[in-house]
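Residue numbers (my numbering): 673 to 942.
As structure tokens, this is what we get:
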């Protein structure tokens with residue numbers, strides 16, 4: 673048993689969808705979350721910049737003596753995952769757990785992946801999917817407008833701007849008859865309703881945050897690092913830009929009201 677917190681970071685607040693799943697799957701765990709709201713989005717940055725930011729984010733969490741670092745960010749997991757593992761951090765990203773489930777979900781072996789431009793450009797999901805099953809055909813689509821939509825509260829499936837944007841990006845995936853779609857960015861579950869409506873009932877959506885939460889539980893249990901059963905999980909939140917609007921936006925991502933510690937930090941110090 674280990675009372676230390678789990679550390680989670682993301683380029684912005686999208687990683688809170690992974691925190692939501694962690695709270696559900698691991699209710700006894702303490703969580704320290706860092707959202708790099710001052711430098712969001714990562715998806716349009718160069719690989720070198722993404723790696724720099726990822727190391728700083730992880731270093732900040734390690735200052736809190738966390739027992740595991742989770743990059744709840746498809747971009748970081750795709751571009752900087754190997755670098756973080758090489759540093760010896762107690763680390764997991766979102767790619768491997770998500771791929772594991774997608775391979776076991778698809779029936780026609782046609783899998784779609786949506787993510788930021790950096791995630792899609794790295795082909796990380798495609799590489800892992802074809803390693804797991806060489807017969808799988810992977811269809812990738814970057815959706816650079818999804819993160820700004822979510823971060824600015826454009827999430828209503830009945831909003832014509834939201835619906836038209838999702839339809840535009842997902843058109844090629846529908847044409848290619850995918851039966852499984854990986855939401856390769858932790859912002860995207862916020863748009864799940866409209867994505868599901870556009871793709872249709874025959875397509876299974878794979879939530880990277882949810883799969884990562886289940887994987888984290890598996891790892892912590894294997895390493896005997898789970899929190900005691902009588903511990904009541906507590907959450908701390910840190911951001912790199914003003915926290916003024918954090919509570920309002922965080923409630924959208926977490927799906928519940930929050931009354932937690934939120935503090936702005938200077939991530940460049942790490």
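Backbone N, C-alpha and C fix where the C-beta goes; we use that ideal spot for every residue, glycine too.
Beta-carbon gap between residue i and residue j smaller than 9 Å
i, j, result
"residue 808", "residue 842", "no"
"residue 689", "residue 831", "no"
"residue 783", "residue 774", "yes"
"residue 697", "residue 885", "yes"
"residue 751", "residue 794", "yes"
"residue 827", "residue 924", "yes"
"residue 911", "residue 760", "no"
"residue 739", "residue 845", "no"
"residue 712", "residue 683", "yes"
"residue 838", "residue 811", "no"
"residue 903", "residue 675", "yes"
"residue 788", "residue 881", "no"
"residue 703", "residue 905", "yes"
"residue 701", "residue 730", "no"
Backbone secondary structure at residue i - three-state DSSP
i, result
"residue 763", "strand"
"residue 883", "helix"
"residue 702", "coil"
"residue 908", "strand"
"residue 753", "helix"
"residue 769", "helix"
"residue 862", "helix"
"residue 747", "helix"
"residue 673", "coil"
"residue 821", "helix"
"residue 689", "helix"
"residue 892", "helix"
"residue 774", "helix"
"residue 802", "helix"
"residue 827", "coil"
"residue 807", "coil"
"residue 997", "Nothing can be reported for residue 997: it is not among the residues displayed for the chain, which extend from 673 to 942."
First through last residue of the beta strand (DSSP E) which encompasses residue i
i, result
"residue 933", "933 to 936"
For residue i, the residue or residues it bridges with in DSSP
i, result
"residue 877", "853"
"residue 793", "Its beta-bridge partners do not exist; DSSP assigns none."
"residue 785", "812 and 854"
"residue 680", "705 and 742"
Bounding residues of the alpha helix (DSSP H) (the contiguous stretch that carries residue i)
i, result
"residue 924", "918 to 926"
"residue 846", "832 to 847"
(message) Please give me, in chain order, every unbroken run of the beta strand (DSSP E) with length at least 3 that falls completely inside the region 692 to 745.
(response) Entirely contained in the region 692 to 745, the beta strand (DSSP E) runs reaching 3 residues are, in chain order, 703 to 707 and 740 to 743.
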